Amino acid sequence: MLSEYKRLAPWFKKYLPMYIAGVICLLLTDAGLLYVPRLTREAVDIIAAGSPDLHLILRISVIMVVISLFVVIGRFGWRFFITGSARRIESGLRGLLFEHILKLQPGFFEERKTGDIMARFTNDMRAIRMACGMAIVSLIDGVFMAAFILVILFIDYPSLAGWIIIPLPVLAVLVLGMGRLLGKRTKRVQEGFAALSSIVQETFAGIRVFKTMSREQYAVEKFSESNDEYIRRTLSLVRIWGLFFPLINFLAGCTTLLLLWFGGLQVMDGKMSPGDFAAVLSYLNLLVWPMMGAGFTINWLERGAASLSRIGELLDVEPEIKSGDAQTDDGIPVAPVGDIDFRDLNFSWSEGTDAVLEGISFSIPRGAAVGIFGRTGSGKSCLVNLLPRLYDPPPQTIFIGGRDIRTYDLQTLRKSVGLVQQESFLFSETIKENISFTAGDAADERIMEAAEFSTIARDLKEFPFGWDTMVGERGHSLSGGQKQRIAVSRAYLTDPEILIFDDCLSAVDAETESKILRQFIEKRKGRTSIIISNRTSSLSAADFIIVLENGRISAKGPHERLIKESGLYRSIYRLQQVEHERR
Amino acid sequence: MNEDKIIKGFDPIIMKRLVSYLKPYRMQTIVASAALIVLILSELLVPVIIQYSIDNHILAETVSVSGLRTDSIMLMILLAGGLAASFVQVYLMSVAGQGIMKTLRVELLEHTAGQSLAFLGGTPVGSLVTRITNDVETISELFSTVIMTLIKNLLVMAGVIGVLFYLNVNLGLVTLLTLPPAMIITLIFRGRARTAYRRVREKISAVNSFLSEHISGMKVVQVFAREAAVQALFDRRNSELLTADFSEMYVFAVFRPLISFLSTFSLAAVIYFGAGLNTRGTVTLGVLIAFLDLVRKFFRPLQQISEQFTIMQSAIAGGERVFDLLDTEDRIPDCGGACTDLDSDAGIDLCFDDVRFSYKDGEPVLRGVSFEVAAGETIAIVGYTGSGKTTIANLAARFWDADEGRILFAGLDSRKLPLALLRRTVQAVQQDVFLFSGTIRDNIALGRDFSDEQLLAAAETSCLKPVLDRLDTGLDHELSEGGTNLSGGQRQLIAFTRVIAHDPPVLILDEATASIDTETEKLIQAGLHNLLRDRTAIVIAHRLSTIRDADRILVLGSGRIIESGTHTELLELKGFYSNLYNLQFGLSAD
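Sequences listed follow chains A and B, in order. Numbering-wise, my numbering puts 195 at position 195 of the first sequence, and it's gapless, one number per residue. Take the position in the second sequence, starting the count at 1, then add 1000; the result is the number in my numbering.
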């Protein structure tokens, strides 16, 4: 179990002084607390002896207050140092985990549910915080207090101590045993809760089906059953939980009871003073709760370890797409500039499956504008996803400036190769922020220019707050075309060496698309552009067009030539011509 | 619905409404309250017995061992009584809390699921899930623990004060000296704690929503190589959360030690004044020792009370959100009435009569659509995205009501049919199949009683049978969430089987827009054919074979029907359809 915590070693090392300071504070607090009963005893004995010296008593009282002032500082201190460090560790681990997943390939996210990854960031982080904070506090507090009080009791009251601590082993066993059982049942309750949530989630995600079939009642019944199960699990937890604290209280009470009987007898015999009686009473009160906390520690540490191993699983996933290390003599990563060469590229999603691309070979001279044309499923998107290495092409198949793209520094490559996808993803931020996402420090004029370019600027007046309108799940809902144009503005603003439009204006009408694309090609003179579109009109301005059919290149040439050769391109071109004239 | 209503002032109306859910659990509440009183008495009487025993038996002029024995037995009984009462109280209130939780949850789900698609479509699923799960959970916690412990703590404090005064008025007054500062500290703390808590919640939700969004949009981040910038944004949110966490920690790190300081301060005061009073013979040693115990008993609840108030307030805020949802009424109006099946032996014909519709004012989607579908006929609707095809499906199934015009089934206005009957008569199926976690059987039957024969017959018709035969468990094959362990084609076949089993006379099929690979095409072709046979059907068609097989094709353009006829007729027309057709299916017009 403890081996899991090795992962946190760097943080423990970093915060070691904090932890040490915290432990010192904790021990001082405990020492102060342990001293108070001694003072009580002294005072009670003075009072019991009759006609007490009030000055002496006052001094004792003042010392008590002064000690408890130190206790206040000590308590603040251990909270600050230990639970503070735990929070810092949690925060640091969260940052590290996010940094790690940022490096993972898109395939990783396609295989996993967002919710699963999220759980690592929420529940598991919380468990680790408990393990690094309260668990350590409870352990030290419990062990220290218990050890000292037992020592004091056995030294000062040897004949009494043996009797009054009888309930304590029971308490220890109870906390350890029940703690584990509590942990198990709590977990079952949490699973029950997750099951409930997923039924609600599914019901509303699939509400159409239920409504269509008029079977809403079925969802309600399923939910109701799942609720019964949840209640069953919760009550089985409550049966332990409801007994746990009362039992601890009871056992604590039993120590008092034993003190009353055995201590009472000793006081009667004069073997013990009334002050001793009062002091032991206080010690017992100090003992019970730390012991309980120490018992819980095991539980917290176990849960923390389980969470750490789950987080570790994610941290151990190696990014499949590894950065290359091509550098200039000055040690700066080489920027991918120059002609793009595809050399006999074959690609399939995973081994053994059908090839998506076969024998692709062609070159794009630097600064050219290339169109890619083909039906759905012909491999167009796949081809352009390989360029920024979202999926990894086989080695020695794609070259930029004569260098295999796999040898370039990944970040540099991706900064040089922009890709606008058909499915545009917007974040829950303002339109402006979504456009400037790729270039956080862009001036307003540049953002506006980008908005003008994609023609989204025209639509701004429709939005309640112009370009400060929030979009996304909780914001203003946009049409597909508006989303796409925002994504295009985004790419325009980055203006990379190589820019790819992957049919990213499909939801915009043909005329607007063609207008944007013409402007686009004009603007990007000197840098390479790749445009995928299903509309021949949009591709006509390209220097040449690659036609893909079933993963192979079936034709290649400029628009003017392709419309003269018989084939897919020409037939679609003619159809689209007819449509255009009809309008 | 406002997610940010985390903590609000105490709202008696909400509280009253919440408490009304406690009615069915009157017995439990009464017994639990009785147990609570026993528990409080046992807590308060322990120090009293010790005091009594010290003064009257241990330190008395004539010591009495038998007296001490009686006291010890009394103490034992009190402790055992406290243990039993405490368990009974916690258990019974949990039963009540859990029961209330179920009632509320089922009520909420049922109510919400009954609302119109317009409402459900406009409300994020996540927020509905939060209402029904988390908010209700807080409310149940209110009943199962918070109210009772709050009452208990208040009563214990009051009881301690009572006992203190009973034992010794002067010493009681001394002890209470620290009460005013304690209350002031608690009040200040409550305000601070509330602000800190709220800030932490806000920051947590900022971090989490940032995370979940960027995990979903990771590809965009990577395409633009924005990892560093995104990391920086995340780090900012993360460190804001840490700051908020710390300010919450400071509040607690100051409050808790301060209260226990006051507790020790009281102790010191009791000793000093107790000594003074003792010399005058008004305070016995037993009373002094009892006070030492009682002071601690007084301050422990004080530490908890303010937290319990906070939980109570968030439960009330949760209650408010829950009731908001429960009070939302946005249903498709149901005329009710007897639910006798339409006479469907001869099939049911369907008619759109000058139907106009807009989702938003001023943006008409359908601008007067009229057509008829004869009983048993299949018509295909084609048109560009945004031409209103899906709207026709939505209106036919009455997920929305038309603004103008009528939709008739067998000559009857759909708005005058009982909703349950209408939904049995006409079913809209999407090819973007939604499967629930559970078995294939569950997914087909949706809780209706079908025999194995019926289900297998339906599977036979839909061509799902061969798929089932290949699975070890057949119908009882367990699907993972969303049915991701099946291929697209298999999922569609399950959806077809679902419809065939439920057997609606009228079917509205919205085909998936995504292109389908040849294998899937082959797989579902026969099933689809059987599905449409003998049914009146409107198909929002995207696939060539469906369109060709249709009896008639309607071409929709900007909310109107612009062409209609059979495939051959329309092709010959060389109009919009022939264009669209050739464009979409890329067939040579040479």
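Just so you know, even glycine gets a beta-carbon here, dropped at the ideal spot from N, CA and C. As the structure is a computational prediction, the values presented were derived from the model and not from experiment.
Under a CB-based cut-off of 8 angstroms, is V220 of chain A close to chain B?
-> yes
Under the DSSP definition of a beta bridge, which residues are partnered with F244 of chain A?
-> Answer by DSSP bridge pairing: none, since F244 of chain A is not bridged.
Could you give the distance in angstroms between the alpha-carbon of E318 of chain A and the alpha-carbon of E302 of chain A?
-> 26 angstroms
Under 8 angstroms between C-beta atoms of E1141 of chain B and I1316 of chain B = no
Sort out for me which residues DSSP pairs I1407 of chain B with in a bridge.
-> B:F1352
Report the residue from A:R126, A:E111, A:I136 whose alpha carbon sits nearest the alpha carbon of L27 of chain A.
-> A:I136
Shorter than 8 angstroms from the beta carbon of N285 of chain A to some beta carbon of chain D?
-> The structure shown contains no chain D; its protein chains are A and B.
Going along the chain, which residues of the segment 381 to 412 of chain A sit with their C-beta nearer than 7 angstroms to a C-beta in chain B?
-> P388, L390, Q411
Does any CB atom of chain A fall closer than 8 angstroms to the CB of F1436 of chain B?
-> yes
Buried or exposed for Y1166 of chain B, please, with buried defined as at least 16 other CB atoms from any protein chain shown within 10 angstroms of its CB.
-> exposed
Using beta-carbon positions only, say whether R120 of chain A and L314 of chain A come within less than 8 angstroms of one another.
-> yes
So which residues on chain B does W11 of chain A lean against when the C-beta distance must stay under 7 angstroms?
-> Chain B residues near W11 of chain A: none, gap ~13 angstroms exceeds 7 angstroms.
Buried or exposed: which applies to E1248 of chain B, given that a residue is buried once 16 or more other Cβ atoms fall within 10 Å of its Cβ?
-> buried
Is E1372 of chain B close to chain A, meaning its C-beta is less than 8 angstroms from at least one C-beta of that chain?
-> no
Could you tell me if T83 of chain A is buried or exposed, where buried requires 16 or more neighbouring beta carbons within 10 angstroms of its beta carbon?
-> buried
For E1453 of chain B, the first and last residue of its enclosing alpha helix (DSSP H) = 1452 to 1462
Between the Cα of G263 of chain A and those of B:L1528, B:H1057, B:I1259, B:F1576, spot the shortest distance and give me the residue it belongs to.
-> B:H1057
Hey, T1536 of chain B and L1350 of chain B are a contact pair by Cβ (cut 8 angstroms); roughly how many whole angstroms apart?
-> 6 angstroms
Is the segment 1289 to 1297 of chain B close to the segment 56 to 72 of chain A, with three or more CB pairs under 8 angstroms?
-> no
I1132 of chain B versus chain A: which residues are under 7 angstroms apart at the beta carbon?
-> V200
In chain A, which residues lie less than 8 angstroms from Y1052 of chain B when you measure between Cβ atoms?
-> Those within 8 angstroms of Y1052 of chain B in chain A number zero; the least Cβ separation is about 11 angstroms.
For the segment 1150 to 1181 of chain B, which residues have a CB atom closer than 8 angstroms to at least one CB atom of chain A, in sequence order?
-> none
Host alpha helix (DSSP H) of G141 of chain A (start-end) = With the sequence shown as reference, residue 141 of chain A is identified as Asp, and Gly is not the correct amino acid for it. Unbroken alpha helix (DSSP H) run through D141 of chain A: 134 to 156.
Best match in A:K103, A:D354, A:P336 for proximity to L499 of chain A [C-alpha to C-alpha] | A:P336
Which same chain residues, not among the five before or five after S236 of chain A, have their C-beta less than 7 angstroms away from its C-beta?
-> R185
Nonlocal neighbours in the same chain, by C-beta distance under 6 angstroms from A1514 of chain B, ignoring five residues either side = Bear in mind that the predicted position of A1514 of chain B carries a pLDDT of just 46, short of 50, making it unreliable; the figure below should be weighed with that in mind. So no residue of the chain qualifies.
Residues, ordered as in the chain, of the segment 1052 to 1069 of chain B that lie near chain A by beta-carbon distance below 8 angstroms = S1053, I1054, H1057, I1058, L1059, V1063, V1065, L1068, R1069
Would you verify that the beta carbon of T1513 of chain B is, or is not, closer than 8 angstroms to some beta carbon of chain A?
-> Residue placement at T1513 of chain B is poorly supported in this model, since its pLDDT is 48, which falls under 50; the coordinates still yield a value, given next. It does not: the Cβ of T1513 of chain B has no partner Cβ on chain A nearer than 8 angstroms.
Kindly indicate if chain B contains any beta-carbon less than 8 angstroms away from that of F437 of chain A.
-> yes
C-alpha distance - L258 of chain A paired with S1212 of chain B, whole-angstrom precision | 57 angstroms
C-beta contact flag for V1088 of chain B and A1035 of chain B at 8 angstroms | yes
Under 7 angstroms between beta-carbons, which chain A residues line up against E1213 of chain B? List them in chain order, please.
-> F427, S428
List the residues of chain B that E584 of chain A touches, going by C-beta distances under 7 angstroms, in chain order.
-> There is simply no residue 584 of chain A to check, as chain A begins at 1 and stops at 583 in what is shown.
Using a beta-carbon distance below 8 angstroms, is V1607 of chain B in contact with chain A?
-> For residue 1607 of chain B there is no data in the structure shown, the boundaries of chain B being 1001 and 1590.
Where I1562 of chain B meets chain A, residues with beta-carbon distance less than 8 angstroms | Residues of chain A passing the Cβ test: none, with the nearest at roughly 11 angstroms.
Kindly say whether T1264 of chain B, judged by its beta-carbon, lies nearer than 8 angstroms to any beta-carbon of chain A.
-> yes
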